[in-house]
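Okay, structure first, notes after.
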Amino acid sequence: MVDIPEHLLQRSAEARAKALGISVEQAMAEMKGQSDPTIISKEPEVKVIDETPAPAAETPAPAAETPAPAAETPAPAAETVTPVKEEHAAETTEKVAAVKIEEKAPVAKTPPPAKADAPDEVDFAPDVKVTQRLLTVVKAKPIQKPAKEPIDKVNTWPHLMLPEFVALMAMTAFLIFLSAILQAPLLEEANPNVTPNPAKAPWYFLGLQEMLSYWDPQIAGVMIPTVVGLILWMAFPYIDRNPETHPSKRKFAIMFYTFFLAGAGTLTIIGVLFRGPGWNWVYPWIDGIWFDDLLDWIHFE
Amino acid sequence: MSLRDRLKETRAKASDGFRGGKLMSSIFRPGSPFRKGYVDSPRNRSYVVMNNVLYHLHPVKVKRHGVRLSYTLCLGGLSFFLFIVLTITGIWLMFYFRPTELAYVDIQNLQTTIAFGSLVRNMHRWGAHLMVLVVFLHMSRVFYHGAYKAPREFNWVIGVILLLLTLLLSFTGYLLPWDQLAIWAVTVGGNMAGYVPVVGAQVKFGLFAGLEATTATLLRFYVLHVLFFPFIIVIFMAVHFWRVRKDGGISGPL
Chain G
534 MVDIPEHLLQ RSAEARAKAL GISVEQAMAE MKGQSDPTII SKEPEVKVID ETPAPAAETP
594 APAAETPAPA AETPAPAAET VTPVKEEHAA ETTEKVAAVK IEEKAPVAKT PPPAKADAPD
654 EVDFAPDVKV TQRLLTVVKA KPIQKPAKEP IDKVNTWPHL MLPEFVALMA MTAFLIFLSA
714 ILQAPLLEEA NPNVTPNPAK APWYFLGLQE MLSYWDPQIA GVMIPTVVGL ILWMAFPYID
774 RNPETHPSKR KFAIMFYTFF LAGAGTLTII GVLFRGPGWN WVYPWIDGIW FDDLLDWIHF
834 E
Chain X
61 MSLRDRLKET RAKASDGFRG GKLMSSIFRP GSPFRKGYVD SPRNRSYVVM NNVLYHLHPV
121 KVKRHGVRLS YTLCLGGLSF FLFIVLTITG IWLMFYFRPT ELAYVDIQNL QTTIAFGSLV
181 RNMHRWGAHL MVLVVFLHMS RVFYHGAYKA PREFNWVIGV ILLLLTLLLS FTGYLLPWDQ
241 LAIWAVTVGG NMAGYVPVVG AQVKFGLFAG LEATTATLLR FYVLHVLFFP FIIVIFMAVH
301 FWRVRKDGGI SGPL
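In structure tokens, the structure reads:
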């Protein structure tokens, strides 16, 4: 049998303790088989609601095996007898360990009939105390051995969607704030006859433009972006065959990427801030900003 | 019973009547928090995700470590969100923009005479820069987590294509204001394409719709920017998101 993670055990022990009104330690001990299970002394109240029978396909033919209608109503007598829904009875009594007593059968199994006055609202979680009772214990004998440990998961709603929503709101607020205080640049109208000096590409290409000033354009402008920037980059998962994901076990890959980041960042920053007329080296705090996108951003005086 | 309680009761009744009514029940599928009788139960938590066309991009459950903000920093989601913001502001801007000799005048009018014109243009421009940055950071996050490893190799490839498309979208949009900044940035970029071996001249000619950046280039970049690249990127995004699910959701834990 697969070991159940401790926190899951803890959680179900808490639920059991709450349902039975015992302490968590007691429930835990019971679940581990270290003490006798608590017996519920009071029969849970089962509300009988008039429920139209399931469609014909699901109900067994009345002639064949269906017990008398009386079997459907819960037996009021002994504590040990658990009322079992009629449709489930045949297939469950032998195998099932615990049967949930609920106000209604699960929605999926008995869809509401297509009656005009039928309630179109399905109450998914009735306000009735849901209790589990032990019928019999069947040794788990899986046909297949489970391949892996159960993964610890949480519900997307609300645990993922709420933080996501907050992130979206924060981003929206940040963008509106940025747009309110910083004006996007708009220079004079485009004029092919007047070349600004220097003419700079958008910031994300300025690393490339900086490299163009070192090497032949065939290399810096074409070979590096296509071969390194695209082909090598796309092929990276196929080159790096190390299956480890922990940083301590893939030091070379981490180093490689960090060097790339540092190099690209340095080139871009040089291109943006430290290049002036004639692509000559300038200091932004002395010679000013030679990048029009940043006109409204930084003022060195 | 005090007036306050009575008001409270009336309001609750009205709310229940509305949320339980035919209209709301027809709009929102079972399990929606907007319907009457929503309670926080495991089943309803699943329904919230499953029964909504927007939310069902997500699985019903995610790995516990994946919802820690420090694991993803929401970078992938924010990239997608910025794309949506850019689409909305971009469509708005299209109402006031003609990709002709009038482009520059249109931008001036947008900034000076149209309500919120300046703000929306700023949002579109800074949002675009931000998207390039966020997509790049997302890629870095994925790299540092080794999240491109099997079985996610191909999704990394798609991700690199998405980064490239983001850059192309941003670059084609850069020309549209038709000012000195735009035309010369694009000239520098386009000239780089001219260095491609063998077919460099042809590529450059195709990009500029001529030998240099003119209003023909403007029209070309406009169509690429508002129609062609968004169309392509949406297809790749769909594959990207789908593969995230098929490859087993979020990677890790480390």
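Chains as they are written, first to last, in my numbering: chain G, 534 to 834; chain X, 61 to 314. No residue lacks a Cβ here, since even glycine has one placed at the ideal position from N, Cα and C. Quick caveat, the model's predicted, so the values are computed rather than measured.
query: Spatial neighbours of V120(X) within its chain, please: C-beta separation below 7 Å, excluding the five flanking residues on both sides.; result: S106, V109, M110
query: Beta carbons nearer than 7 Å to chain G: which residues of the region 71-92 of chain X have them?; result: G80, S85, P90, G91
query: Taking Cβ positions only, does E213(X) come closer than 7 Å to chain G?; result: yes
query: Between the C-alpha atoms of Q751(G) and S311(X), what's the straight-line distance to the nearest angstrom?; result: 39 Å
query: Taking only the alpha-carbon atoms, compute the straight-line gap between V195(X) and G136(X) and give it to the nearest angstrom.; result: 7 Å
query: Taking the beta strand (DSSP E) that V687(G) falls in, what are its first and last residues?; result: 686-688
query: By the 10 Å Cβ neighbour count, where 16 or more other Cβ atoms means buried, how is V286(X) classified, buried or exposed?; result: buried
query: With 7 Å as the threshold, decide whether the Cβ of D820(G) is near any Cβ in chain X.; result: no
query: Only counting the same chain, and skipping five residues up and downstream in sequence, which positions put a Cβ closer than 7 Å to that of G740(G)?; result: A797, L800, T801, G804
query: So with Cβ pairs under 7 Å, would you call L279(X) a contact of chain G?; result: no
query: Return the CA-CA distance between G254(X) and W748(G), expressed in angstroms with no decimal places.; result: 16 Å
query: Work out the CA separation of F88(X) and Q262(X) for me, nearest whole Å.; result: 54 Å
query: Have a look at I218(X) and H300(X) and give me their C-alpha separation to the nearest angstrom.; result: 6 Å
query: Any residues in the region 776-809 of chain G with a beta carbon nearer than 8 Å to a beta carbon of chain X? Which ones, in chain order?; result: P776, E777, T778, H779, P780, R783, A786, I787, Y790, L794
query: Can you tell me which of L197(X), L236(X), K264(X) puts its alpha carbon nearest to the alpha carbon of D166(X)?; result: L236(X)
query: Decide if L67(X) is buried, meaning its Cβ has at least 16 other Cβ atoms within 10 Å, or exposed.; result: exposed
query: Rank E722(G), A562(G), K733(G), F710(G) by C-alpha distance to the C-alpha of N813(G) and give the top, closest one.; result: K733(G)
query: How long is the line joining the alpha carbons of A298(X) and P758(G), rounded to whole angstroms?; result: 26 Å
query: Given that G754(G) touches chain X, what residues does it touch there, using C-beta distances under 7 Å?; result: M252, Y255
query: Report the three-state DSSP secondary structure of W302(X) (helix, strand or coil).; result: helix
query: Kindly indicate if chain X contains any beta-carbon less than 7 Å away from that of A608(G).; result: Only weak support exists for where A608(G) lies, its pLDDT of 44 falling under 50; the coordinates are left without a value.
query: Unbroken alpha helix (DSSP H) runs of length 4 or more, entirely within the region 695-752 of chain G: which are they?; result: 739-745
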